[in-house]
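Q:
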Amino acid sequence: MEEKLKALKEQALPAISAAGDLTELEEIRLSVLGKKGQLTNVLRQMGSLPPEERPLMGKLANEVRDALEAALAERRRDLVREEQRQKLAQEKVDVTLPGRRPPRGTIHPLSHVRRRIEDIFLGMGYTIEEGPEIETDYYNFVALNLPKHHPARDMQDTFYIDEETVLRTHTSPVQVRTMEKMRPAPLKMICPGKVYRKDDDATHSPMFLQVEGLVIDKGITLADLKGTLLLFAQQMFGPEQEIRLRPSFFPFTEPSAEVDILCTACGGQGCRMCGETGWLEILGAGMVHPQVLKMSGYDPAEVSGFAFGMGIDRVAMLVYGITDIRHLYQNDLRTLKQFQGGLS
Amino acid sequence: MKISYNWLKETLGFDLSPQELAAGLAAAGFPVESIAPLAPEITGVVVAELLEVKAHPNADRLSLTKVSDGAAIYDVVCGAHNIAQGDKVPLAKIGAVLPGNFKIKKSKIRGEVSEGMLCSADELQLDLVQDSDGILQLPKNAEIGRDINAYLALDDLILDVELTANRGDLLSLRGLTTEIGAFLGKPFSLEGPKEPETVDWGFPVSIETDSCSFYTGRLIKGVQVGPSPLWLQLRLLACGMRPVNNIVDIANLVMLEWGQPLHTFDADKLPGHEITVRQARAGETMITLDNKERQLEPSMMLITSGGRPVTIAGVMGSLDSEVDANTTNIFLESAVFDASLRLTAKALGISSEAGSRFEKGVDPAVTAIASQRAANLIRELAGGEIGAITSAGTDRTAAWSIPVSIAKINGLLGADIPREQAVSFLSNLGLKVEGEGDSLMVHVPGRRQDLLSWQDIAEEVGRLYGFDQIPVSLPKGALTLGMRKKSQSLEWQVRELLAGCGLHEVMPYSFISPEMAEKSWEESGVEISNPLTREASIMRSSMLPSLLETVAYNLAHGQDSVAIFEVGNVFRPEPDSPLPSQVLRVAGALVGREPRHWQQPVVSYDFFALKGVVQQLLLGLGIEAEIRQEPHRQLHPGRCAAAFAGNICLGHFGQVHPAIVAEWKLDAEIWVFDLDFLALAQNTRQIVQFIPPSRYPAIRRDLALETNEDIAAGTLMAIIREAGGELLEEVECFDVYTGGNLEPGGKSLAFSLSFRHPERTLQDKEVQGLVDKIIGSLEEGGARLRS
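If you want it as structure tokens, here you go:
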């Protein structure tokens with residue numbers, strides 16, 4: 001009997017390892033360990049053994065059973081694994097094929113830049129104000145210290161609807177309207193929006209976007225203007241930025257300045273883009289003219305203020321490396337599709 | 001303003017290089033736009049004397065000359081006829097290079113050796129006026145052998161200084177030298193001319209208008225009109241002006257020096273022996289120098305003589321009073337006209353150096369000085385006897401003084417400039433400063449008409465101190481809330497949502513062409529009275545023309561799928577309001593095929609793609625809207641709808657009317673939406689009232705209905721909802737079917753219904769009761785269960 005058990009083990013173990021799939025393995029299991037299997041057959045002969053040999057034989061039979069069951073389990077595990085491996089191999093996809101994504105459009109580059117500028121000033125506690133694009137001559141010019149026939153009106157070539165109505169040439173009329181509404185309270189605002197001037201070339205568009213800012217309070221100084229614009233420039237163009245103020249003239253500010261930033265192409269070394277100066281002009285600014293304060297109901301003896309204005313287009317062109325402003329208004333999808341993501 | 005670098009340098013005596021000067025001017029607020037050489041590069045040309053001129057043996061038109069440069073004598077063949085022995089002329093020696101890289105070589109001309117070339121002004125590219133054509137005649141005292149560049153100062157540079165509109169005083173040598181002097185810490189004041197000896201011929205002048213505050217004139221008799229001397233012509237060229245004749249050139253030179261425009265008349269051509277300054281009368285005409293007959297308006301100021309207009313004051317003279325080559329007696333005008341002439345010049349389309357100075361303000365203190373200076377020069381260069389000045393009006397300006405304190409100046413600038421320094425800045429600018437301690441009284445001269453308030457004075461101090469020296473700080477007021485208003489936030493949300501639907505934001509111009517308006521069936525927009533072009537002359541009254549133009553552009557540039565949106569204003573006349581109405585719209589267009597995907601069949605944009613975008617937008621904004629069939633005159637009558645929030649129409653969407661698309665010569669179904677931003681903003685739901693999700697299961701039932709085509713799915717949906725009541729949680733239309741075995745004109749719709757009770761499990765019986773009720777209502781509404 002001992003030989004039979006050993007022989008059974010010797011025969012079954014290679015058969016188990018050789019089983020090609022789970023069905024075959026199950027067949028082997030039934031033929032060896034099943035109710036009518038070979039092991040059961042051998043054990044039936046136990047009764048014919050002398051009683052003292054029985055425990056010994058019983059132990060041996062259990063060892064054989066355990067060994068076979070372990071071998072079966074191991075083989076089953078391997079076969080399951082292999083089956084799964086094959087299934088997964090068949091399920092492989094080409095991950096480089098396009099995904100079924102919901103379509104994704106874009107926000108206009110000028111909107112990206114406008115939002116970034118807005119966010120910088122919101123962070124400094126400014127409100128955002130808006131106003132009409134078709135404006136009265138009064139709000140666009142007169143209230144800004146530009147009476148009719150003032151030669152400085154030539155600085156901004158204007159579209160007229162009629163004698164008293166213009167396409168606003170800057171967003172300054174929004175400043176005036178807001179001052180009239182808020183006086184005599186302090187004011188901290190920006191006004192972004194479309195403006196119109198009779199100009200059309202690579203750097204001028206007859207419609208463009210501008211953002212202006214205005215702060216009115218007690219004790220506002222030119223130094224505050226410098227600090228504010230420096231902070232803006234560093235947030236917009238990078239922490240290394242510097243600004244430079246050059247005296248200038250605007251009828252609505254006194255003193256007035258043109259403001260340059262370090263050239264975004266060369267960082268101030270001088271290159272073709274900045275005409276070898278190392279600086280790029282990006283905005284006009286100044287201390288609000290006492291006449292403008294007075295006309296809008298503030299007392300220039302009590303408060304002072306600063307104002308600034310810049311072309312959002314100009315900033316966008318620098319940020320994105322656009323050299324012809326007309327790209328911004330051409331609305332060519334090949335252009336627009338490039339502006340995925342945002343500015344932050 | 002263009003001015004000669006050498007002239008500034010000689011007058012002020014500084015040692016700045018042109019680049020240093022330009023940098024200084026820029027820092028003062030007046031950037032130099034360009035620095036251009038007076039003359040192109042010329043090498044190897046010297047002053048030479050003609051020793052001999054004789055005929056060329058083989059050519060009638062040529063001469064043989066011997067010329068000397070002091071070191072050697074050269075044989076030169078010359079083709080010009082204005083030369084004679086003893087003349088001083090420019091000689092281009094062998095090896096010389098003339099403008100245009102024209103190299104002079106030794107040559108033989110008709111058998112005669114020529115060791116160089118005598119040069120004309122043209123050959124040196126100098127725009128000079130001469131008595132006779134041909135070789136440039138240099139003054140008899142010219143030093144022979146001298147390089148022509150050095151002799152004529154051709155190395156001078158023309159600085160083009162960009163001046164600000166408030167600084168008319170800088171449109172002169174006088175103003176610029178004063179300003180530069182102040183920046184160099186070297187106060188400067190241009191010296192006035194000597195008083196000329198005069199004869200009193202009497203020539204009455206009078207003023208009959210408010211636009212002329214001071215008028216002076218004088219007769220100068222016996223002048224000889226001819227070309228100016230070279231130094232004067234070259235000076236004008238170095239200031240960007242062209243020489244004409246000695247009288248005109250002198251007037252221009254004095255204007256450049258003093259900023260006072262002058263005018264000269266041929267006195268013998270004046271209709272009367274007097275001058276009157278007055279406004280034009282209706283119907284008057286005059287032929288101006290440019291030989292155009294001008295209709296004069298009462299807004300225009302005239303210089304008249306004997307009742308007839310002889311000049312449109314400060315703008316342009318009359319053809320028949322002009323100084324010409326035969327003039328011997330002149331009348332010299334120096335006057336102050338006010339800025340109203342700007343409108344005259346604009347109306348007539350004449351811009352002039354004189355006009356630009358008058359409109360920015362001329363200092364009456366120099367009106368007589370300029371007249372004297374010009375008279376002296378005329379006598380020196382053209383001969384003649386000078387008449388006494390006659391005048392009307394006053395040369396006095398109401399001199400004004402501005403009180404200011406150092407504290408105020410520093411308070412505005414945010415700086416800490418000491419009193420002494422501030423005072424010295426102001427004095428260097430030629431302002432008289434008085435006062436003790438912190439308080440100053442600044443006396444402003446007439447030439448600085450831009451200085452009116454203490455803030456102007458603060459600016460002058462700041463400019464001279466240097467804006468770069470001003471420290472940096474931030475406003476110190478109370479903390480303020482920096483936050484977008486609700487509608488401003490929504491505008492960005494709209495952009496994000498539409499971009500999330502695959503649409504690209506566009507930014508077309510607000511102005512369109514009449515053709516675009518017409519072929520889009522636009523209602524009247526707002527017209528621009530002075531458009532850049534006709535193509536951009538109307539402020540659009542709807543978004544449609546801009547959308548169509550953008551679609552057309554992109555289709556023409558090879559796109560087969562266009563999905564765009566815009567957030568922008570439209571404009572409409574508003575008869576009883578000071579301004580047209582300006583309404584913010586959110587609009588978009590879909591054209592062509594949807595973005596392709598390899599797993600899916602190609603689908604073209606259609607009504608439901610469009611509706612999906614609109615619904616996605618409304619959903620994203622939290623707007624509960626009802627979509628109804630609603631006609632719109634620019635849309636396909638069967639394929640258009642409107643979104644309503646209650647009674648408020650949020651806007652329309654649908655297919656652009658095929659007739660409009662045909663007018664645009666496009667061949668596509670164009671799907672557009674156009675929503676009112678304000679209406680959207682007013683109907684967004686900001687706060688959600690939370691309902692806890694039910695713990696009990698839902699029961700689903702599907703209904704397949706048959707009905708006729710005229711009955712809208714929405715109508716059936718509403719019937720189902722109404723009959724289903726509160727327990728009906730969701731209805732969804734999941735299939736639509738026409739044709740097949742249905743009766744003609746019939747359609748089949750399938751709805752999926754989901755019932756749920758918030759507090760208990762629903763019984764099948766209850767649900768069946770509701771379904772039966774729903775079916776009953778549907779039957780009344782014209783739909784029956786499909787068998």
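Chain order of the listed sequences is E and F. With my numbering as the guide, the letters of the first sequence map in order to residues 1 to 344. With my numbering as the guide, the letters of the second sequence map in order to residues 1 to 787. Beta carbons are placed, not taken as given, at the ideal position from N, Cα and C, and that holds for glycine. Values in this document were obtained by computation on a predicted structure and should not be read as measured data.
Anything in the region 105–116 of chain E with a Cβ closer than 7 Å to a Cβ of chain F? List those residues in chain order, please.
A: Listed by position, the residues of the region 105–116 of chain E near chain F (Cβ gap below 7 Å) are G105, T106, I107, H108, L110, S111, R115.
Q: With a threshold of 8 Å between beta-carbons, can E:P206 be considered close to chain F, or not?
A: The sequence position of residue 206 of chain E within the first sequence is 206, counting from 1. Taking Cβ atoms only, chain F reaches closer than 8 Å to E:P206, which makes this a yes.
Q: Tell me where the alpha helix (DSSP H) around E:Y320 begins and ends.
A: The sequence position of residue 320 of chain E within the first sequence is 320, counting from 1. Element bounds for E:Y320: 312–320.
Q: Examine chain F for any beta-carbon lying closer than 8 Å to the beta-carbon of E:Y126, and answer yes or no.
A: Counting from one through the first sequence, the residue named residue 126 of chain E turns up at place 126. It does; some Cβ of chain F falls within 8 Å.
Q: In chain order, what residues of the same chain have a beta carbon less than 6 Å from the beta carbon of F:F358, not counting five sequence neighbours either side?
A: Residue numbering aside, residue 358 of chain F sits at position 358 when the second sequence is read from its first letter. Excluding residues within five positions, the ones whose Cβ falls inside 6 Å are G314, F337, L341.
Q: How would you list, in chain order, the residues of chain F whose beta-carbon sits under 7 Å from the beta-carbon of E:G341?
A: By 1-based counting over the first sequence, the position of residue 341 of chain E is 341. Near E:G341 there are no residues of chain F at all, since even the closest Cβ is about 11 Å away, more than 7 Å.
Q: Going by DSSP in three states, F:I330 sits in which element: helix, strand or coil?
A: The residue labelled residue 330 of chain F in the question sits at position 330 within the second sequence. In this structure, F:I330 counts as strand in the three-state DSSP scheme.
Q: Just confirm the distance between the C-beta atoms of F:L709 and F:G740, as a whole number of angstroms; I'd bet it's less than 8 Å.
A: Counting from 1 along the second sequence, the entry for residue 709 of chain F is found at position 709. Counting from 1 along the second sequence, the entry for residue 740 of chain F is found at position 740. Sequence inspection shows Glu at residue 709 of chain F; the Leu mentioned does not correspond to that position. Actually they are not in contact, since the Cβ atoms of F:E709 and F:G740 sit about 14 Å apart, beyond 8 Å.
Q: Determine whether the beta carbon atoms of F:L778 and F:I719 lie at a separation below 8 Å.
A: To locate residue 778 of chain F, count along the second sequence from 1; it is residue 778. To locate residue 719 of chain F, count along the second sequence from 1; it is residue 719. Yes, the pair counts as a contact, with Cβ atoms nearer than the cut-off.
Q: For F:M286, which three-state DSSP category applies?
A: As a first step, residue 286 of chain F is located in the second sequence; it is residue number 286 there, counting from the start. Reduced to three states, the DSSP call for F:M286 is strand.
Q: If distances are taken between C-alpha atoms only, which option among F:L785, F:N647, F:A641, F:I312 comes closest to F:S608?
A: Translated into the one-based positions of the second sequence, residue 608 of chain F becomes position 608. The sequence given here has Phe at residue 608 of chain F, not Ser. Cα-wise, what sits closest to F:F608 is F:A641.
Q: Does the Cβ of F:D290 have 16 or more other Cβ atoms within 10 Å, making it buried, or fewer, making it exposed?
A: Along the second sequence, read from residue 1 onward, the residue named residue 290 of chain F stands at position 290. So F:D290 ends up on the exposed side.
Q: Flag this pair as touching only if the region 160–180 of chain E and the region 267–275 of chain E have three or more C-beta atom pairs under 8 Å; answer yes or no.
A: The answer is no - the region 267–275 of chain E does not touch the region 160–180 of chain E, with fewer than three Cβ pairs under 8 Å.
Q: Enumerated in chain order, which unbroken segments of the beta strand (DSSP E) with a length of 3 residues or greater are wholly contained in the region 737–766 of chain F?
A: Counting whole runs of 3 or more residues, the region 737–766 of chain F contains the beta strand (DSSP E) stretches 746–755.
Q: At which residues does the alpha helix (DSSP H) containing F:N291 begin and terminate?
A: The residue labelled residue 291 of chain F in the question sits at position 291 within the second sequence. Counting along the chain, F:N291 falls outside any alpha helix (DSSP H), and DSSP gives it neither H nor E.
Q: Can you name the start and end residues of the beta strand (DSSP E) that F:A48 belongs to?
A: Here the question's residue 48 of chain F lines up with position 48 in the second sequence. F:A48 -> beta strand (DSSP E) spans 43–56.
Q: If you check the beta carbons only, do F:I350 and F:A415 fall under 8 Å apart?
A: Taking the second sequence and counting its residues from 1, one reaches residue 350 of chain F at position 350. Taking the second sequence and counting its residues from 1, one reaches residue 415 of chain F at position 415. Against a cut-off of 8 Å, the Cβ pair of F:A415 and F:I350 comes out as no contact.
Q: Anything in chain E within Cβ reach of F:S321, meaning under 7 Å, just list it in chain order.
A: Counted from its first residue, the second sequence places residue 321 of chain F at position 321. In chain order: nothing, as chain E lies at least about 28 Å away.
Q: For a contact meaning CB atoms closer than 9 Å, what does E:F121 contact in chain F?
A: The sequence position of residue 121 of chain E within the first sequence is 121, counting from 1. Correct list: G482.
Q: May I ask you to list, following chain order, the residues of the region 21–34 of chain F that have a beta carbon less than 8 Å from some beta carbon of chain E?
A: The residues in question are A26, A27, A28, G29, P31.
Q: By a C-beta neighbour count over all protein chains shown, 10 Å radius and 16 as the cutoff for buried, is F:D169 buried or exposed?
A: Counted from its first residue, the second sequence places residue 169 of chain F at position 169. The residue is buried, with at least 16 neighbouring Cβ atoms inside 10 Å.
Q: In its own chain, which residues sit with a C-beta less than 7 Å from the C-beta of F:T367, not counting the 5 before and 5 after it?
A: By 1-based counting over the second sequence, the position of residue 367 of chain F is 367. F214, T216, Q260, S334, A335, V336, D395.
Q: Classify F:H504 as helix, strand or coil using the three-state DSSP reduction.
A: Stepping through the second sequence from its first residue, residue 504 of chain F is reached at position 504. In this structure, F:H504 counts as strand in the three-state DSSP scheme.
Q: Taking Cβ positions only, does E:G219 come closer than 8 Å to chain F?
A: Position 219 of the first sequence, counted from the start, is the residue given in the question as residue 219 of chain E. Cβ-Cβ to chain F under 8 Å: yes for E:G219.
Q: Should F:Q233 be labelled buried (16 or more other beta-carbon atoms within 10 Å of its own) or exposed?
A: The residue given as residue 233 of chain F occupies position 233 in the second sequence. F:Q233 is buried by the Cβ-count criterion.
Q: In three-state DSSP terms, what is E:W279?
A: Counted from its first residue, the first sequence places residue 279 of chain E at position 279. Here E:W279 sits in strand by DSSP.
Q: Taking C-beta to C-beta, are E:K188 and E:F159 nearer than 8 Å?
A: Position 188 of the first sequence, counted from the first residue, corresponds to residue 188 of chain E. Position 159 of the first sequence, counted from the first residue, corresponds to residue 159 of chain E. Contact flag unset, no.
Q: Residues in the same chain with beta-carbon distance under 8 Å from F:I83, minus the five sequence neighbours each way, listed in chain order, please.
A: In the second sequence, the residue the question calls residue 83 of chain F occupies position 83. Excluding residues within five positions, the ones whose Cβ falls inside 8 Å are L50, V53, S63, T65, V89, L118, G134, I135.
Q: Using the Cα positions of F:S356 and E:F121, report the straight-line distance between them to the nearest angstrom.
A: By 1-based counting over the second sequence, the position of residue 356 of chain F is 356. By 1-based counting over the first sequence, the position of residue 121 of chain E is 121. For F:S356 and E:F121, the distance between alpha carbons rounds to 40 Å.
Q: So, is the C-beta of F:V602 closer than 8 Å to a C-beta in chain E?
A: Counting from one through the second sequence, the residue named residue 602 of chain F turns up at place 602. Output row for F:V602: interface = no.
Q: So what's F:G620 in DSSP terms, helix, strand or just coil?
A: For the purposes of this step, residue 620 of chain F is taken as residue 620 along the second sequence, with counting starting at 1. F:G620: helix per DSSP, three-state reduction.
Q: Sort F:G525, F:D560, F:T533, F:A556 by Cα distance to F:P545 and report the nearest one.
A: The sequence position of residue 545 of chain F within the second sequence is 545, counting from 1. Cα-wise, what sits closest to F:P545 is F:G525.
Q: Which residues in chain F have a C-beta closer than 9 Å to the C-beta of E:M317? List them in chain order.
A: Within the first sequence, residue 317 of chain E is the residue found at index 317, counting from 1. Going along chain F, no residue has its Cβ under 9 Å from E:M317, so there is no contact; the nearest lies around 14 Å.
Q: Taking the continuous beta strand (DSSP E) assigned at F:A645, which residues delimit it?
A: The residue you call residue 645 of chain F lines up with position 645 of the second sequence. Unbroken beta strand (DSSP E) run through F:A645: 635–645.
Q: Please classify F:F571: is it buried, with 16 or more other beta-carbons within 10 angstroms of its beta-carbon, or exposed?
A: Along the second sequence, read from residue 1 onward, the residue named residue 571 of chain F stands at position 571. Per the 10 Å Cβ criterion, buried.
Q: At which residues does the beta strand (DSSP E) containing F:D702 begin and terminate?
A: Here residue 702 of chain F is taken as the residue at index 702 of the second sequence, counted from 1. Taken as a continuous stretch (DSSP letters only), the beta strand (DSSP E) holding F:D702 covers 699–708.
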